[in-house]
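Residue numbers (this note's numbering): 1 to 323. Glycine is no exception: its CB is placed at the ideal position from the N, C-alpha and C atoms. Here's the structure, in structure tokens; my notes come after.
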């Protein structure tokens with residue numbers, strides 16, 4: 001807006017246009033942001049694991065560094081590419097979405113597979129071993145930013161596909177609003193989550209009432225439960241979003257058989273319950289079927305990723321396939 005102050009003669013007309021544009025950006029950003037909800041849940045659920053093992057005083061500085069890395073990922077690296085794709089190669093958006101959805105399915109299915117069939121990993125043991133605190137912190141931050149890049153790419157692509165803007169400027173502004181809003185929401189939530197046990201400990205030791213001290217002890221005891229809940233919710237969201245992206249992508253590419261059947265089955269479930277619960281039942285049924293498909297597709301991808309993709313990346317990067 002500071003740049004517009006020089007145009008004093010036209011400021012009234014410009015303000016009207018700007019106000020309308022801001023309304024367009026806000027509406028489009030709200031719609032696009034809602035489309036990314038599943039990936040946002042997963043992002044918020046994944047990030048706290050990178051803060052385990054650090055002193056409480058280092059938690060917020062680490063979160064801030066990851067937040068800056070996330071904004072760099074979205075605004076500097078991903079947004080220009082997304083804008084170029086939308087305006088010069090829109091046909092690539094659906095395949096890229098499906099590629100990201102496949103990654104989410106793989107990650108979610110791998111988590112489930114590891115729970116059902118626990119197995120040791122030399123690479124994981126090496127990554128989690130105690131090293132120089134400063135070096136370990138740098139490693140954790142880099143790992144979190146790499147994970148964020150993949151999730152951010154999916155968020156930006158989903159948002160871009162959902163944006164209906166009259167011109168490229170509104171499209172770019174909307175995408176920037178989504179990027180900043182999602183990042184602040186995710187890492188603000190992460191900051192609250194990881195500091196909740198410290199707040200509880202402070203209340204347990206310093207509250208002036210028995211109720212306050214009891215509430216503090218309850219927060220401390222609840223944190224491990226919350227982390228487990230976040231892990232389950234994050235995995236479920238990952239599989240739901242990944243599965244729905246693949247199914248929708250197949251429909252866009254002309255292979256709508258599965259998507260049509262899931263819609264019909266979900267519709268039948270919705271009409272089998274009282275009218276007051278119809279919408280919720282239909283949405284839940286569709287999300288569950290998308291998630292089941294996500295698990296199945298992810299299990300198919302596990303051997304492909306570990307036997308083919310992993311060795312190929314290892315050959316290029318020089319690292320072992322397990323890493």
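**Q.** Proximity to residue 81 [Cα-Cα], best of 154, 104, 136
**A.** 154
Q) By Cβ distance, which residues of its chain are closer than 7 angstroms to residue 273, with the 5 residues on each side in sequence left out? A) 281
Q.
Can you give me the C-alpha to C-alpha distance between residue 104 and residue 116, rounded to a whole angstrom?
A. Residue 104 and residue 116: Cα-Cα distance of roughly 19 angstroms.
Q. How do the region 63 to 71 and the region 141 to 150 stand: do at least 3 beta-carbon pairs fall below 8 angstroms, yes or no?
A. yes
(Q) Taking 6 angstroms as the limit between beta carbons, can you name the residues of its chain near residue 239, skipping five residues before and five after? (A) 108, 291, 294, 295
**Q.** Local Cβ density within 10 Å of residue 84, reported as buried at 16 or more and exposed below that
**A.** exposed
Q: Note the first and the last residue of the continuous alpha helix (DSSP H) segment covering residue 82.
A: 79 to 88
Q) Buried or exposed: residue 318, going by 16 or more other Cβ atoms within 10 Å of its Cβ? A) exposed
Q. So what's residue 272 in DSSP terms, helix, strand or just coil?
A. coil
Q: Hey, could you find the ends of the alpha helix (DSSP H) residue 169 is sitting in?
A: 168 to 206
**Q.** Environment of residue 163 [buried if 16+ CB atoms lie within 10 Å]
**A.** buried
Q: With a threshold of 16 other CB atoms inside 10 Å of the CB of residue 98, please say whether the residue is buried or exposed.
A: Residue 98 is buried by the Cβ-count criterion.
**Q.** Inter-residue CB distance, residue 247 and residue 259 (contact presumed, cutoff 8 angstroms)
**A.** 5 angstroms
Q.
Quick check: what's the CA-CA separation for residue 312 versus residue 58?
A. The alpha-carbon separation between residue 312 and residue 58 amounts to approximately 36 angstroms.
**Q.** Residue environment, residue 190, which counts as buried when at least 16 other CB atoms sit within 10 Å
**A.** By the neighbour-count rule (16 or more Cβ atoms within 10 Å), residue 190 is buried.
Q: Determine, using beta carbons only, whether residue 110 and residue 302 come nearer to each other than 8 angstroms.
A: yes
Q.
If distances are taken between C-alpha atoms only, which option among 288, 160, 269 comes closest to residue 331?
A. Shown here, the chain extends from 1 to 323; a query on residue 331 therefore has no answer.
Q: Give the C-beta separation of residue 250 and residue 256 to the nearest angstrom, bearing in mind that I take them to be a contact with Cβ-Cβ under 8 angstroms.
A: So it is a contact: roughly 7 angstroms between Cβ atoms.
Q: To the nearest angstrom, report how far apart residue 136 and residue 94 are at their CA atoms.
A: Approximately 38 angstroms between the Cα atoms of the pair.
Q) Is the region 219 to 236 close to the region 196 to 210, with three or more CB pairs under 8 angstroms? A) Inter-segment contact for the region 219 to 236 and the region 196 to 210 is present: three or more beta-carbon pairs are separated by less than 8 angstroms.
Q: Just tell me which of 261, 287, 299 has its CA closest to the CA of residue 114.
A: Selected option, being the one with the closest Cα: 299.
Q.
Give me the residue from 279, 207, 268, 252 with the minimum Cα distance to residue 92.
A. 252
Q) What's the gap between the Cα of residue 279 and the Cα of residue 269? A) 10 angstroms
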